[in-house]
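Chemist: Taken in order, the sequence shown gives residues 6 to 385; the numbers are from the numbering used here.
Below you will find the structure I want to go over with you.
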Amino acid sequence: MSAPASRASDPSVDARFMALALALGRRGLGQTRPNPSVGAVVVRHAADGPIVVGRGWTQAGGRPHAETEALGRAGAAAAGATLYVTLEPCSHHGKTPPCADAIIAAGIARVVSALEDPNPEVAGQGHARLRAAGIAVDIGVSAAEACRVHAGHIRRVRDGRPHVLLKLAVSADEKAGLAGRRPADITGRAARQRAHMLRATSDVILIGIGTALADNPLLTCRLPGMAGRSPVRVVLDRGLRIPLASRLVATARTTPVWIVGSAAAPRDREDALRAEGAEILRVDEAGDRLELAGVLRALAGRGITRLMVEGGPIVAAAFVAADLVDEVALFRRTQTIGADGIDALEGLPLAAVTRSPRLRSCGIETVGDDTLEMFERTMD
6 MSAPASRASD PSVDARFMAL ALALGRRGLG QTRPNPSVGA VVVRHAADGP IVVGRGWTQA
66 GGRPHAETEA LGRAGAAAAG ATLYVTLEPC SHHGKTPPCA DAIIAAGIAR VVSALEDPNP
126 EVAGQGHARL RAAGIAVDIG VSAAEACRVH AGHIRRVRDG RPHVLLKLAV SADEKAGLAG
186 RRPADITGRA ARQRAHMLRA TSDVILIGIG TALADNPLLT CRLPGMAGRS PVRVVLDRGL
246 RIPLASRLVA TARTTPVWIV GSAAAPRDRE DALRAEGAEI LRVDEAGDRL ELAGVLRALA
306 GRGITRLMVE GGPIVAAAFV AADLVDEVAL FRRTQTIGAD GIDALEGLPL AAVTRSPRLR
366 SCGIETVGDD TLEMFERTMD
């Protein structure tokens, strides 16, 4: 093709195509662990404007990487083009060759990268390799949004734990269930669909044994055509009490179930649950509960980067109290439950989230008959 190699950077053009790369990368959220879900776009500059010649995103299981997917679709048109990528291209040999080498071989003239990869195996080396090959490299376009998309990867590399999203559904009087710890349909259909989408973009969904016993939930993604996007289902169950007949255990061979018990939990219970297809993790106790930091380390060790806490009030409060919440999805209903209802956070006011100095509101939107307010962790 005769298009010029790469024009000088135009901030509006760069922002436009990085937004596309970020949108592509979001397609893989919840599917690429332990790798980040990256998006990439190959753009040529023709006389009548820029043209997208290749798109890619990290595939299920973490390979192929986004860059090689986009370059493969671009083919010969990649020569002299600009590559927009949401995270620094890898520079080390893993299960696949370095993406930096593929970019150089394709003849890319300029790389626009949203973030440097905090992974010490990369950490600037990918960008350096590209520059050494004569490729122009610009870093930092749409960096704030890229940090959100890659929050799980960054948190796991930096802190050795997954990014934690706490999902809460509360009535107008800030209750999460009926008296006697009976479940209640707090939100409407549209909000439940949004919650299922949050499940689909998480590696793991986590509940406590109390919720498992009271609700007997399935915890899959039940949006049409998206059952295959269901996350690993994790139950915090110190004594391995979950019934073998529960819906979680009964479906463990089709959608993974990991049960986290203490070192002292009965071995015969572990054997029985394993026989049904569940996996058992054991962590230390802190008092009469599992040590949450140890739970998160164990999950990170298995490649988990994005964790969604969905229930119940005891577990939710424990994550808040331990300062282990990075993001909150707070759904609110207009109806009340009454003073005898169950609080959303056991032993804590909802203000522990809504007025926490560690969390800031990102805005409120209407979802059907309900509202959704998102919070994110302030800078550590």
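Backbone N, C-alpha and C fix where the C-beta goes; we use that ideal spot for every residue, glycine too.
Since the model is a prediction, treat every value here as computed from it, not as a measurement.
Between the alpha carbons of G59 and L297, how many angstroms are there, rounded?
Modeler: Approximately 43 Å, taken between the alpha carbons.
Chemist: Within the same chain, show all residues whose beta-carbon is closer than 6 Å to that of T391, passing over the 5 residues directly before and after it, in chain order.
Modeler: Nothing can be reported for residue 391, as the shown portion of the chain is limited to 6 through 385.
Chemist: Alpha helix (DSSP H) containing E150: first to last residue?
Modeler: Segment 148-154, the alpha helix (DSSP H) holding E150.
Chemist: With distances taken Cα to Cα, identify the nearest neighbour of G317 among L211, L88, T256, T225.
Modeler: Cα-wise, what sits closest to G317 is L211.
Chemist: Quick one, are the C-beta atoms of G213 and L183 less than 7 Å apart?
Modeler: No. Outside cutoff.
Chemist: Just list the residues that DSSP pairs M379 with in beta bridges.
Modeler: Answer is A334, G368.
Chemist: Using CA coordinates, which residue listed in R166, T371, V358 is at the minimum distance from R382?
Modeler: Minimum Cα distance to R382 is reached at V358.
Chemist: Using beta-carbon positions only, say whether S118 and I159 come within less than 7 Å of one another.
Modeler: No; because the gap between Cβ atoms is not below 7 Å, this pair is not in contact.
Chemist: Give me, in chain order, the residues of the same chain whose beta-carbon lies closer than 7 Å to that of V146; leave out the 5 immediate sequence neighbours on both sides.
Modeler: The answer, listed in chain order, is D19, A20, M23, V117, A119.
Chemist: Roughly how many angstroms lie between the CA atoms of R194 and S17, to the nearest whole one?
Modeler: C-alpha separation (whole angstroms): 38 Å.
Chemist: Between which two residues does the beta strand (DSSP E) carrying A181 extend?
Modeler: Run containing A181: 180-182, per the beta strand (DSSP E) assignment.
Chemist: Here's a check: name, in chain order, each residue in its chain whose Cβ is nearer than 7 Å to the Cβ of V237, leaving out the five neighbours to either side.
Modeler: The residues are D208, V209, P261, W263.
Chemist: Express the C-alpha separation of R163 and L304 in angstroms, rounding to a whole number.
Modeler: In a straight line, the C-alpha of L304 is about 15 Å away from that of R163.
Chemist: Near S7, which residues of its chain fall below 7 Å by C-beta distance, leaving aside the five closest residues on each side in sequence?
Modeler: The predicted model places S7 with a pLDDT of 37, which falls under 50 and marks its position as unreliable, so this point remains unresolved.
Chemist: Under a Cβ-count criterion, where at least 16 other Cβ atoms within 10 Å of its own Cβ denotes burial, should I369 be classed as buried or exposed?
Modeler: Label assigned to I369: exposed.
Chemist: Which runs of the alpha helix (DSSP H) spanning at least 4 residues fall entirely within the segment 54-141, listed in chain order?
Modeler: Runs found: 71-79, 104-111, 130-137.
Chemist: Would S267 and R246 qualify as a contact pair, given that the criterion is a beta-carbon distance under 7 Å?
Modeler: No.
Chemist: Counting only the same chain and skipping the five closest in sequence on each side, list residues whose C-beta sits under 6 Å from that of E284.
Modeler: Once the five neighbours on either side are set aside, the close Cβ partners of E284 are W263.
Chemist: When DSSP labels each residue in this structure, what does E275 get in the three-state scheme?
Modeler: E275 falls in the helix class under three-state DSSP.
Chemist: So what does DSSP say about V353, is it helix, strand or coil?
Modeler: The amino acid occupying residue 353 in the given sequence is Leu; Val does not appear at that position. Three-state DSSP puts L353 in coil, outside helix and strand.
Chemist: Helix, strand or coil: which one does DSSP assign to S267?
Modeler: Three-state result, S267: strand.
Chemist: Specify the secondary structure class of A8 as computed by DSSP and reduced to three states.
Modeler: Its pLDDT being 40, under 50, A8 is placed unreliably by the model, and the measurement read from it follows with that caveat. Correct three-state label for A8: coil.
Chemist: Under the assumption that R199 contacts C226 (Cβ atoms under 8 Å), give the Cβ distance between them as a whole number of angstroms.
Modeler: That pair is no contact at about 12 Å.
Chemist: Since H50 sits in a beta bridge, which residues does DSSP pair it with?
Modeler: According to DSSP, H50 bridges with P55.
Chemist: Looking only at DSSP bridge pairs, what is E284 linked to?
Modeler: Answer is W263.
Chemist: Can we say the segment 86-95 touches the segment 122-136, given the rule of at least three CB pairs closer than 8 Å?
Modeler: Segments in contact, yes.
Chemist: Evaluate L249 with the Cβ neighbour count: other Cβ atoms within 10 Å of its Cβ, from every protein chain shown; 16 or more gives buried, anything less gives exposed.
Modeler: The residue in question, L249, is exposed, as its Cβ has fewer than 16 Cβ neighbours within 10 Å.
Chemist: Considering only residues of the same chain and omitting the five flanking positions on each side of G373, which have a CB-CB separation below 7 Å?
Modeler: Cβ neighbours of G373 beyond the five flanking positions: G193, R194, A195, A196.
Chemist: Tell me the DSSP bridge mates of D348?
Modeler: Paired residues: K180.
Chemist: In whole angstroms, give me the CA-to-CA distance for T73 and R186.
Modeler: Straight-line Cα distance between these residues: approximately 51 Å.
Chemist: Give me, in chain order, the residues of the same chain whose beta-carbon lies closer than 6 Å to that of A84; leave out the 5 immediate sequence neighbours on both sides.
Modeler: Hits under 6 Å: G112.
Chemist: Alpha carbon to alpha carbon, how far is A133 from A105?
Modeler: Answer to the nearest angstrom: the Cα atoms are 9 Å apart.
Chemist: Are the beta-carbon atoms of N40 and G67 separated by less than 7 Å?
Modeler: Yes.
Chemist: Tell me where the beta strand (DSSP E) around R238 begins and ends.
Modeler: First-last of the beta strand (DSSP E) with R238: 237-241.
Chemist: Going by beta-carbon coordinates alone, are W62 and L29 separated by less than 7 Å?
Modeler: Yes.
Chemist: To the nearest angstrom, how far is the alpha carbon of G165 from that of G306?
Modeler: For G165 and G306, the distance between alpha carbons rounds to 8 Å.
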